[in-house]
Amino acid sequence: MRIAIISDIHANLEALTVCLSLIKSLDVDRLVCLGDIVGYGPDPDACVVAVRETADVVLLGNHDHAAVNIEATRNFNPLAKEAVLWTRERLSSESLAFLQKRPLSHEEQDILFVHSTPYRPEEWHYIFSWNEAIPQFEYFEQEVCFIGHSHLPQIYHNDVSKPLTLKLDAGMRYIINVGSVGQPRDGDPRLSFGVFDTDTHEYLPIRAEYDVEATANKVLAGGLPQFLAERLLKGR
Ligand code: ZN
C-alpha cells in the first residue's frame, strides 16, 4: 500500500492544489494529513474543504487547535497569533467543527502519525535535531513515525552507526518529518511531502514548485503580516 503523507498546509491553496494533483498522479492508496491545515496563509476555509474531501486521515495541528480554541494562542508568537485570529473569522462553522474533532495521533500498519512528537503530542514539542529525535523513540513502538510541525523535512533513525537509505532497513526504526506543503522553512520554497510504500518499505520525499508569488500576493492583499509573504518566497 502506498500512503501519501502531507503536513503543514497553512492555508496555502496554490501549494495544496499542486500537491493533491501530484498525489493523484502518483497512484497512492491512502492520504494522511498530519495537521496545520490553517494558520499563516490566505485560504484557510478552501484548504480545510479540500483536505476534508481528499484525505483518509486528518490529524490536529497546533494552529488548527488554536483556531478553534483561542486561549491556545497564549504560547504563539505575535505573528502567528495575529494569523490565527485572522483565520478564525474566515472559517465556516462546518470547518471549525471539523477541526475541533481532529485526533492527535493515528496508528495503522506499524506506523504512527502525529503532528508534533510521539511524546505527549498535545504539548506540541518540536524535533529540530538528532538530540531531540533520539529520546522520542522511547515513546512509540512502531517501525516508523511520521511527523510535521517544524516544516523541516528530515529522516531520523535510531541507529546512527548505519548509513541512511530511503529504503527503510528491517530492524531499524525511523522518525520521518515530511516537511511542509504550504510554508517550507528549510531554505527551499518548493512544497514538500512524502509517499511511503508499506510493502517495499521505501520512502519517497517529494519537492515540487507551485506559484509562490500568487500565494504571497494573496497574503498581502488579505492584510496578513508582510513577513508571512516574504518567508514563502524565501522558504524560511
Ligand atoms: Zn505548522
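Residue numbers for the sequence shown, in my numbering: -17 to 218.
The beta carbon of each residue, even a glycine, is placed where N, CA and C say it ideally should be.
- Contact between L173 and A190 is confirmed by a C-beta separation of about 5 Å, below the 8 Å threshold.
- Residue pairing by DSSP places R(-16) opposite D179 in a beta bridge.
- Of the residues assessed, E(-4) falls on the buried side of the cut-off, its CB having 16 or more other CB atoms within 10 angstroms.
- If you ignore the 5 residues before and after E125, its C-beta comes within less than 6 Å of the C-beta of D92, R155, all in its own chain and listed in chain order.
- The DSSP-derived three-state label of Q165 is coil.
- By the criterion of a C-beta distance shorter than 7 Å, A152 is surrounded by no residue of its chain, once the five residues flanking it on both sides are discounted.
- Residue S77 holds the alpha-carbon nearest to the alpha-carbon of V50 among L41, S77, V40, N59.
- In the assembly as shown, F80 is a buried residue. Its beta-carbon has 16 or more other beta-carbons within 10 Å.
- Here the distance from the Cβ of S174 to the nearest heavy atom of the ligand ZN is not below 8 Å.
- Two segments are said to touch when three or more pairs of C-beta atoms, one from each, lie closer than 8 Å; by this definition the segment 121 to 141 touches the segment 87 to 104.
- Between the ligand ZN and G23, a heavy atom-to-CB distance of less than 8 Å is absent.
- Under the 10 Å beta carbon count, Q165 is surrounded by 16 or more other beta carbons and is classified as buried.
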